[in-house]
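A.B. asks: I am attaching a structure below and will ask some questions about it afterwards.
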Amino acid sequence: MAALSQHIAKVYQTASDPGAAARSRLAASWRRSLAHHGLDPAQRREVHRVTDTTLSSHRERAEAMLLVARPKLDQLYQLVGSSGCGVLLTDAQGVVLDLRASVSDQSVFEAWGLHPGADWSEASEGTNGIGTCIAEQRRVIIDREQHFFARNTAMSCMDAPIFGPEGELIGALDVSSARADQTEGFNRLIAATVAQTARQIEADHFRASFPRARIVVADQDDSEAATLLAVDSDDLVIGATRGARKVFGLNATGPVRSVPASDLFGREDGARGFEKAERAAVMRALARAQGNVSEAARALGVGRATLYRRMNRLGIDQNLA
């Protein structure tokens with residue numbers, strides 16, 4: 457009880473100090489929870505749960521994401537479930553859509569409010585893994601006493617945002633645990649795995665959203681960004697992930713302005729990975745077609761003349777074809 461009282465006092469003191477919010481992202485989140493959302497760190501009410509009808513509506517709106525995410529949730533749970541962790545997927549509003557947890561842990565997660573239909577937005581729960589990840593649109597670790605509500609300080613949460621095919625935030629992937637012996641290093645390892653899984657979901661969702669397009673993948677050092685472009689049969693970019701939009705200076709969200717892929721590939725400020733990927737794709741197509749350019753062009757979904765232009769731009773010797 458004394459520890460909870462100390463936590464409440466610390467939250468009030470930190471959140472009331474504007475200078476602390478400027479220096480610390482955690483303090484800024486505590487301040488949002490207290491001043492903007494009007495929450496009380498001592499509050500003991502249960503986590504708000506939407507009705508079954510409302511949950512169904514949330515799931516319907518997120519159906520495309522759920523379809524590609526569920527196998528990834530299973531894979532992530534296989535990695536972390538034996539250590540007492542649960543895997544949760546939420547939408548952009550912070551409502552839990554799906555959960556993976558062991559049968560023996562189900563009652564514990566239910567008691568914490570970690571279950572489908574629970575609202576873990578910052579507006580509802582203050583600083584927490586899911587809500588703060590969504591509010592700041594970045595991966596976070598909210599460990600025990602970093603939570604806003606004193607009643608949530610027994611758990612650790614590792615989260616990463618998921619962005620949709622138009623660069624918009626569509627959800628968050630969460631791994632939560634209440635193991636007292638879970639170390640900071642182990643949390644960082646889980647957080648890296650969560651981020652990687654979130655990017656896989658994002659990439660799969662993007663591919664599914666452009667089924668007839670050629671998907672070009674960038675060779676980027678930033679492993680936290682799914683950097684893909686969707687290119688149509690006219691060699692126009694018709695889609696881009698959030699990471700690709702940043703690399704190529706495209707609009708942050710919404711449909712991308714049609715631009716020739718070659719215009720982007722020709723840039724020197726990040727296109728090298730795309731050129732490498734495109735060259736590899738062309739070489740593979742030519743190899744499979746045994747040098748027949750017409751057959752390779754059909755396999756790539758472009759015209760023969762277009763393929764010759766690409767080969768010339770990529771420095772592929774036409775005598776090899």
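The sequence shown begins at 457 in my numbering and counts up one residue at a time.
C-beta: ideal position from N, C-alpha, C; glycine also.
Name the DSSP beta bridge partners of Val-614, please?
C.D. replies: Before going on, a small fix: residue 614 reads as Met here, not Val. Looking at the DSSP assignment, Met-614 forms a beta bridge with Ile-597 and Val-631.
A.B. asks: Starting from Val-552 and walking both ways along the beta strand (DSSP E), at which residues does that stretch end?
C.D. replies: It spans 552-556 - the beta strand (DSSP E) in which Val-552 sits, taken as one unbroken run.
A.B. asks: Write down the C-beta distance between Ser-718 and Ile-694 rounded to the nearest angstrom, noting that I regard them as a contact closer than 8 Å.
C.D. replies: Their Cβ separation, rounded to whole angstroms, is 14 Å, which puts Ser-718 and Ile-694 out of contact at 8 Å.
A.B. asks: Could you have a look at Thr-546 and say whether DSSP puts it in helix, strand or coil?
C.D. replies: Three-state DSSP puts Thr-546 in a strand.
A.B. asks: Just mark Leu-684 as buried or exposed, buried being the case when its beta carbon has 16 or more other beta carbons within 10 Å.
C.D. replies: Buried, by the Cβ-count rule.
A.B. asks: May I ask you to report which of helix, strand or coil DSSP gives Gly-695?
C.D. replies: Residue state, collapsed to three classes: strand.
A.B. asks: Give me, in chain order, the residues of the same chain whose beta-carbon lies closer than 6 Å to that of His-493; leave out the 5 immediate sequence neighbours on both sides.
C.D. replies: Contacts found: Ala-579.
A.B. asks: Since Ala-700 and Ala-674 should fall inside the 8 Å C-beta cutoff, what is the C-beta to C-beta distance between them, to a whole number of angstroms?
C.D. replies: Contact flag correct, Cβ pair sits at about 7 Å.
A.B. asks: In this structure, does DSSP put Pro-716 in helix, strand or coil?
C.D. replies: Strand.
A.B. asks: Residues in its own chain within less than 7 Å of Leu-553 by CB, not counting five upstream and five downstream?
C.D. replies: Taken in chain order, the residues that qualify are His-514, Arg-515, Ala-518, Leu-522, Leu-545, Thr-546, Asp-547 and Pro-572.
A.B. asks: In whole angstroms, give me the CA-to-CA distance for Asp-660 and Ile-671.
C.D. replies: Approximately 11 Å, taken between the alpha carbons.
A.B. asks: What residue range is occupied by the uninterrupted beta strand (DSSP E) comprising Val-672?
C.D. replies: Start and end: 670-673.
A.B. asks: Short of 6 Å in beta carbon distance, which residues of its chain neighbour Arg-487, apart from the five on each side in sequence? Order them along the chain.
C.D. replies: Result list for Arg-487: Ala-471 and Ala-477, in chain order.
A.B. asks: Any heavy atom of the ligand FAD closer than 6 Å to the beta-carbon of Ala-606?
C.D. replies: For the ligand FAD, the structure offers nothing, since it holds no ligand at all.
A.B. asks: In angstroms, rounded to a whole number, what distance separates the CA positions of Arg-635 and Arg-595?
C.D. replies: Distance between the alpha carbons of Arg-635 and Arg-595 is about 21 Å.
A.B. asks: Put Ala-574 into one of helix, strand or coil per three-state DSSP.
C.D. replies: Residue state, collapsed to three classes: strand.
A.B. asks: DSSP three-state call for Arg-517: helix, strand or coil?
C.D. replies: Helix at Arg-517.
A.B. asks: If the criterion is Cβ atoms closer than 7 Å, does the pair Pro-497 and Ala-606 meet it?
C.D. replies: Yes, Cβ-Cβ distance for Pro-497 and Ala-606 is below 7 Å.
A.B. asks: Does any residue of chain B bring its CB to less than 7 Å from the CB of Leu-522?
C.D. replies: Checking the listed chains, one finds no chain B in this structure; it contains a single protein chain.
A.B. asks: Cβ of Leu-629 within 7 Å of Cβ of Val-650?
C.D. replies: Yes; because the gap between Cβ atoms is below 7 Å, this pair is in contact.
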